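>
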Amino acid sequence: MYSAFPLYFCTMNLAERDKKVIWHPFTVQKNMANPLPIISGKGSLLIDEQGNEYIDAISSWWVNLHGHAHPYIAEKIYHQALTLEQVIFAGFTHAPAVELAERLISILPGNFSRIFYSDNGSTSTEVALKMAIQFWWNKNMPQRKKILAFNHSYHGDTFGAMSVSDRSVFTLAFHDLLFEVIFIDTPTAENIEDIKSVVESNGDEIAAFIYEPLVQGAGGMRMTDPILLNELLATVKQANIICIADEVMTGFGRTGALFASNYMHHTPDIICLSKGLTGGTMALGVTACTDAIYQAYLEDDLKKTFFHGHSFTANPLACTAALASLDLLEQPMCMQQIAWIGQQNIAFAEKLAGKKGLKNIRTIGTILAFEIDSGKDEYLNKIGASLTAKSMQNGVYIRPLGNTVYTMPPYCISNAELCSIYDNIEQLIEF
Ligand SMILES: Cc1ncc(COP(=O)(O)O)c(C=O)c1O
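Residue numbers are given in my numbering: position 64 of the sequence shown equals residue 51, and the series is strictly consecutive.
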C-alpha cells in the first residue's frame, strides 16, 4: 500500500524526526542540540522517554500554575470537548466565555467592564495597543497616537508588540519597520523626576503607556519598586494617558498577590492576560478594559467599530480550562502555597547573598532571580545554555535569560522539590 510517510522516519527516534521537520522558537538553529522528547508531566515534573524526571522550575515558560496534566482541568476540558469545542464568536456566544468574563471582572485590579478575547500574550498586547490608539481616533483626537513604554520591556513578538518592546537582539532585524515609541527607564529614586517630566512634556501626543508591572520578565526579571511605579502611574494618569498593564507573566499569583497591579493604588485602564490564565493548559489571551474605553466604541458611525478578532477568539475549551484554573487558584491551599514559596525564596535569597560571583539577588512572590557575574549582562551570554545543561543532569529544568538565572515554579511544588531546585542552584554556582 502507498504511504506518504517515508520509511526512514520510522527508524528514527523522535528527536531525529523533530530535527528534520521542526523549527523551534527562540532557538539557535545551527548546531542545535537534540530536543528532549517529553512524554508526560505530573505535578511539577516533566518525564522523558527513559523515565527521567525533571522539576519544571520555570513552569514551562511561566505558564503552568497547578502542575502538569492536572486531572481537574483535564476532566473539565474533556467534558467541554464533548459538548462544544469551538464556535465563531461574532454573533454567537457560549457559557464558558460569559462565565469567565464575569469571574475575571470580579477579581481584576481596577474598574474593568469588558473582556476582549484573543489567543496568546502577544495578541493580548496587540489588542490593547489597537484598542487604546483607536480610542483616541474615535474621540476625534487622532494626534494622540504615540506609545510610552519602558526600556528593557518585552510585550511579545507580533509587530505592534515588538514595537513597544525594548530594541534588543529580539527585534534587531525589524528596527526600521517598528513604529516610534517614547522609551523611559523604570523608576528609581534618582530618575523619577526626570521620567515624570518626559511624560508631562509629551503627554498630549501619547495615547497609552504599556508596562509590565513590578517585573520585566524576558528583559531579565528586572524588578521595580511598587511605590515608585505607583508615583509614575499617578503622573501618567494626570496626563490622561491610557495605562495598559501587561500582566501576561505577572498575573494569577506570580508576584505573591493575585495581580502585580494589586500592589499599587493606581490601577490600569487596560490589562493584558495570558500564560497562567488557563493554568498553562491552553492558548488564550484576554484584554480587559474600563467602561470609559468601551464607551468610545458605542458609536453610530460604523467605521468606529473595533475591527479585530481571531479565528479561535474565546475558544470554549480554553475558556473552560481558565475557569477550572480559577477554581483551583481560589482554593485557600493555593494562595497558601504561593505565600509559602515566597517565604522560601526570601530565605534562599538571604543564603545566596554572601556568595561570590553572583549579583543583584532579588525576589518577589514566586519569582527568584540573580545575575551570574560573568561576561556581559545580556541574553546572548552563553553561560545560560551551559547552566541549563548542567541543571538537567541534576533533574531540574531552568532556562536562564543569558546570565540571569531565575526560578518560577508551579504553585503545587513540594517542599522536597523546591529544596532540590535550591540545592541545584547552589551546585551550579560553585565556581
Ligand atoms: C509580559 C509579556 N507580555 C507578552 C508576552 C507574549 O506572550 P506570548 O508568548 O504568549 O505571545 C510575554 C511572553 O513571555 C510576556 O512575558
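All residues carry an ideal CB built from backbone N, CA and C; glycine is no exception.
Values in this document were obtained by computation on a predicted structure and should not be read as measured data.
1) Three or more C-beta pairs under 8 Å: does that hold for the region 380 to 396 against the region 43 to 52?
2) Under the three-state reduction of DSSP, which class applies to Gly28: helix, strand or coil?
3) Which class does Asp5 belong to by DSSP, given the choice of helix, strand or coil?
4) Looking at C-alpha atoms only, which residue of Val383, Thr112, Thr391, Leu220 is the closest neighbour of Met251?
5) From which residue to which residue does the beta strand (DSSP E) around Thr274 run?
6) Would you kindly check if the distance between the Cβ of Leu116 and the Cβ of Ala148 is under 9 Å?
7) Which same chain residues, not among the five before or five after Ile400, have their C-beta less than 6 Å away from its C-beta?
8) Which residues mark the beginning and the end of the alpha helix (DSSP H) in which Ser150 is found?
9) Taking the C-alpha atoms as reference points, what is the distance between Leu260 and Asn138?
10) Quick one: Cα of Met(-12) to Cα of Arg4, how far?
11) Given a cut-off of 9 Å, decide if Thr145 and Glu187 are closer than it, judged by their beta-carbon atoms.
12) At a cut-off of 8 Å, is Tyr366 close to ligand 1 when judged by its beta-carbon and the heavy atoms of the ligand?
13) I believe Val392 touches Ile42 by the beta-carbon criterion, under 8 Å. Please report the beta-carbon distance rounded to the nearest angstrom.
14) Give, in chain order, every unbroken run of the alpha helix (DSSP H) that is at least 4 residues long and sits entirely within the region 356 to 413.
15) Going by the beta-carbon positions, is the gap between Ala311 and Lys63 smaller than 9 Å?
16) Mind checking whether the beta-carbon of Tyr393 lies closer than 8 Å to any heavy atom of ligand 1?
17) Please classify Val273: is it buried, with 16 or more other beta-carbons within 10 angstroms of its beta-carbon, or exposed?
18) Output the distance between the C-alpha atoms of Asn39 and Thr375, rounded to the nearest integer angstrom.
19) Quick one: what does DSSP say Leu33 is sitting in, helix, strand or coil?
20) In this structure, how does DSSP classify Met320 when only helix, strand and coil are distinguished?
21) Give a yes or no on whether the C-beta atoms belonging to Val185 and Ile171 are separated by under 9 Å.
22) Quick one: residues in its chain with C-beta nearer than 8 Å to the C-beta of Lys29, no 5 flanking neighbours on either side, listed in chain order?
23) Thinking C-alpha only, which one of Thr112, Ile257, Tyr366 is nearest Lys224?
24) Could you spell out the range, first to last residue, of the alpha helix (DSSP H) harbouring Ser188?
25) I believe Gly420 touches Tyr366 by the beta-carbon criterion, under 8 Å. Please report the beta-carbon distance rounded to the nearest angstrom.
26) Using CA coordinates, which residue listed in Ala356, Arg386, Gln380 is at the minimum distance from Ile370?
27) Pick out whichever of Leu135, Ala84, Gly190 has its Cα sitting closest to the Cα of Gln67.
Considering the structure as presented:
1) Segments in contact, yes.
2) In the three-state reduction of the DSSP assignment, Gly28 falls in the strand class.
3) In the displayed model, Asp5 falls within a helix according to three-state DSSP.
4) The shortest Cα separation from Met251 among Val383, Thr112, Thr391, Leu220 belongs to Leu220.
5) Under the DSSP assignment, Thr274 falls in the beta strand (DSSP E) whose first and last residues are 272 to 277.
6) The answer is yes: Cβ separation under 9 Å.
7) For Ile400, where only same-chain residues beyond five positions count, the Cβ hits under 6 Å are Ser31.
8) Annotation for Ser150: the continuous alpha helix (DSSP H) segment containing it runs 146 to 150.
9) Each residue's alpha carbon lies about 21 Å from the other.
10) In this prediction, Met(-12) has a pLDDT of 47, which is less than 50 and means its spatial position is unreliable; what the coordinates show is noted afterwards. C-alpha separation (whole angstroms): 23 Å.
11) No.
12) Distance from the C-beta of Tyr366 to the nearest heavy atom of ligand 1 is not below 8 Å.
13) Not quite, the Cβ-Cβ distance comes to about 15 Å (not below 8 Å), so this is no contact.
14) Fully enclosed alpha helix (DSSP H) runs of 4 or longer: 370 to 380.
15) Taking 9 Å as the Cβ cut-off, Ala311 and Lys63 qualify as a contacting pair.
16) In this structure, Tyr393 has its CB at a distance of at least 8 Å from all heavy atoms of ligand 1.
17) The C-beta of Val273 has 16 or more other C-beta atoms within 10 Å across all chains shown, which makes the residue buried.
18) Their backbone Cα atoms lie some 16 Å apart in a straight line.
19) Strand, per DSSP.
20) Note: Met320 maps to helix in three-state DSSP.
21) Taking 9 Å as the Cβ cut-off, Val185 and Ile171 qualify as a contacting pair.
22) Cβ neighbours of Lys29 within its own chain (closer than 8 Å, five residues either side excluded): Gly54, His55, Ala56.
23) Nearest Cα to Lys224 within the set Thr112, Ile257, Tyr366: Ile257.
24) Element bounds for Ser188: 179 to 189.
25) Residue 420 is absent from the model: the chain starts at -12 and stops at 418.
26) It is Arg386 whose Cα lies nearest to the Cα of Ile370.
27) If you compare the alpha carbons of Leu135, Ala84, Gly190 with that of Gln67, the shortest gap goes to Ala84.
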